[in-house]
Structure formats: C-alpha cells, structure tokens
Ligand SMILES: Nc1nc2c(ncn2[C@@H]2O[C@H](COP(=O)(O)OP(=O)(O)O)[C@@H](O)[C@H]2O)c(=O)[nH]1
Ligand SMILES: [Mg+2]
C-alpha cells in the first residue's frame, strides 16, 4: 500500500510524445482531448447510465463543495465543517446521458476509505477520476476524539496532499493497466480564490513534467499506467468566489467551473 511508485524500468516519459495524454496548463485552459471518445459514448448509451467519476483528495481540500457545485446542490453549512466518513454519492442529471455520477471517496484515514477506494478502483471501476487539491489550503480538521482547532502549516498540508495522492495514484495505476480503454484523470486545483495571485505557480506545481514533488508522482503514475492509457489535465477551479473587486470574483469562479464541466464532458464522450 505504501511502497513508493517506481517507473517501469526502461520506460521513459516524453511529454511531447506522451501518447494521447492531454495537459492543460493555462488558467481555465480546456484542450480538446485526442482521446477517442466514441467507444465511451457508445458504452454509456448501451448501458443506459451516466459516466461515473471518482472524486478523490485529502480531507478538507474542498471535494464536497466542488461536487455539490457541479451537481447544483444546495450547500449544507451544518455539515461543511465536519467532513464525511462515508462515500458521498451525487448525480448530475442531464438529457442524452450527458450527466455524471460522482462518488466522493472519504479523505479520512478510516476503514471506510479503504472500502471506498476498493469500490471505485476495483469492484466497480469508474470511468474517470477527479482528484481535488488546494495548494496547501485544506481546511484543517480535528482528528476524531480530540478537541480544539487543528493547526497545520502550508508545507505540512502540501506534504499531506502528496502522501494522499501517492495512495490514490497506486489505485489509479492498477485500474488503468487492467483495462483496454484509456482512463482520464483531472486534477482540480480548487480554492483558487485563496491563491488567485499564484495560480500559474499552482498549476505548474500540479502539472506532469514540471519537476515538483507532485509532478514526480504524476510522472511515476504515467509510467506505471502506460502514457497512452492515462490522460492528465490540470484545471484551476473554485467552489465559491469573492466579491466583484476581489482577485477571484464569483463570475470568474463560475467560468472556471464551466471550463471544468466542459472538460469532464469531453473526456466522457458527451457531445
Ligand atoms: N475559499 C474557499 N473555500 C472553500 C472552497 N471550497 C471549499 N472551501 C472550504 O473548505 C472547507 C472544506 O471543504 P469540503 O468540501 O468540506 O472539503 P472535503 O473534506 O474535501 O469534502 C469548507 O469549510 C469550505 O468552506 C473554495 O473554493 N474557496
Ligand atoms: Mg467532504
């Protein structure tokens, strides 16, 4: 479970020729994927179901808020500070099977987390993964059984994000190698309103080949999965914007959400 990911010997990662992998680096960029979506679309039409998306990421990073926004669900302030210990299931309904089913894997280090990871990556393998990060801005949550506010530095939070992704990326790799069709991974860099002036640095940090510790994990994941079998996108987003004069007003947030939705649709073969 915790052994480090090692690239397959003899396999070099070359971003320029990395199969059909797609990388969007610019803010709100939404590249048209070269993944062939037709088979996915037909599979969904035949099965009569929406594509299923696993939502992963450490606790407090903003998964629930983001998914609730994607499915236009009313935010429940009462549960916002608690964090969920079980898998949250949300459906975004749309005509012509253009909706989505999201399964939010609990970030807590609980037994339920392992079961949830098994479900989405093994028992009922998902169509794609939305991995949520927030550039070290996860809301610290108390460990069960303790009181008082949890404190963590930005560096500690980034290290925790990295560790969390290490576990998830192992699961993604083992799912990707088992299937014949390509898998997609979208890294949603959320809470962009909290680091609006560092957006480019944040995107860079989470992008394959950028040399950051997170990039190293992505590069390993690609090598393990086979580059042509995994597309990786990095998109900034926020679940809540500030007022008109802030660096990330609500309008800008809404356009980032729209760009993410468009990309999820392209990857899922929606037309
Ligand atoms: N500023 C800001 N705060 C956010 C954003 N998304 C989530 N949060 C806050 O971060 C906290 C954790 O979010 P939540 O979705 O519950 O995280 P989860 O544990 O990953 O499901 C919540 O209290 C939200 O108020 C965002 O886009 N911007
Ligand atoms: Mg949650």
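Numbering (the numbering used here), first residue to last: 111 to 381.
Just so you know, even glycine gets a beta-carbon here, dropped at the ideal spot from N, CA and C.
- Task: Go through its chain and collect everything with a Cβ distance to residue 138's Cβ below 8 Å, but skip five positions before and after it.
- Result: For residue 138, the pLDDT reaches just 34, beneath the cut-off of 50, and the residue's location in the model is therefore unreliable, leaving the point undetermined.
- Message: Run through the DSSP bridge pairs and tell me what residue 198 is partnered with.
- Response: 214
- Message: Is the beta carbon of residue 233 closer than 8 Å to that of residue 162?
- Response: no
- Which partner residues of residue 164 appear in the DSSP bridge assignment? 213, 239
- Message: On the CB-based measure, 16 or more other CB atoms within 10 Å of its CB, does residue 354 come out buried or exposed?
- Response: exposed
- Item | Distance between beta carbons of residue 264 and residue 276, contact taken as under 8 Å | That pair is no contact at about 19 Å.
- Query: What is the rounded straight-line gap between the Cα of residue 287 and the Cα of residue 317?
  - Reply: 22 Å
- Message: Let's test the definition: count the other Cβ atoms within 10 Å of the Cβ of residue 166 and tell me whether it reaches 16, buried, or not, exposed.
- Response: buried
- Measure from the alpha carbon of residue 182 to the alpha carbon of each residue in 320, 171, 202, 225, then state which is nearest. 202
- Item | Pairwise C-alpha distance: residue 159 and residue 205 | 11 Å
- Query: Quick one: Cα of residue 261 to Cα of residue 208, how far?
  - Reply: 41 Å
- Query: Per DSSP, which one or two residues make a beta bridge with residue 341?
  - Reply: 294
- Message: Mapping the DSSP letters down to three states, classify residue 136 as helix, strand or coil.
- Response: Unreliable placement is indicated for residue 136, whose pLDDT of 36 sits below 50; the coordinate value is still reported in the next sentence. Coil.
- Under the three-state reduction of DSSP, which class applies to residue 131: helix, strand or coil? For residue 131, the pLDDT reaches just 39, beneath the cut-off of 50, and the residue's location in the model is therefore unreliable, although a value from the coordinates is still provided. Residue 131 falls in the coil class under three-state DSSP.
- Message: Which same chain residues end up closer than 8 Å to residue 352 when comparing Cβ atoms and leaving out the 5 residues on each side of it in sequence?
- Response: 303, 358, 359, 360
- Item | Cβ separation of residue 177 and residue 200, assumed to be a contact under 8 Å, to the nearest whole Å | 5 Å
- Message: Taking 7 Å as the cut-off, is the beta-carbon of residue 249 closer than that to any non-hydrogen atom of ligand 1?
- Response: yes
- Query: Which residue comes first and which comes last in the alpha helix (DSSP H) that contains residue 349?
  - Reply: Neither: residue 349 is in no alpha helix (DSSP H) and is coded neither H nor E.
- Message: Out of 332, 215, 337, 240, which one is the CA nearest neighbour of residue 373?
- Response: 240
- Query: Does ligand 2 have a heavy atom nearer than 7 Å to the CB of residue 174?
  - Reply: yes
- Query: For ligand 2, any of its heavy atoms closer than 7 Å to the Cβ of residue 194?
  - Reply: yes
- Message: Any heavy atom of ligand 1 inside 7 Å of the beta-carbon of residue 301?
- Response: yes
- Query: I think residue 169 touches residue 289, with their Cβ atoms under 8 Å apart; what is that distance to the nearest whole Å?
  - Reply: Not quite, the Cβ-Cβ distance comes to about 29 Å (not below 8 Å), so this is no contact.
- Taking residue 154 as the reference, which of 228, 197, 211, 310 has the closest Cα? 211
- As assigned by DSSP and simplified to three states, the class of residue 177: helix
- Task: Kindly give me the distance between the Cβ atoms of residue 308 and residue 180, rounded to whole angstroms, as I take these residues to be in contact under 8 Å.
- Result: Wrong, their Cβ atoms sit about 24 Å apart, outside the cutoff.
- Task: May I ask which residues mark the beginning and end of the alpha helix (DSSP H) holding residue 310?
- Result: 309–315
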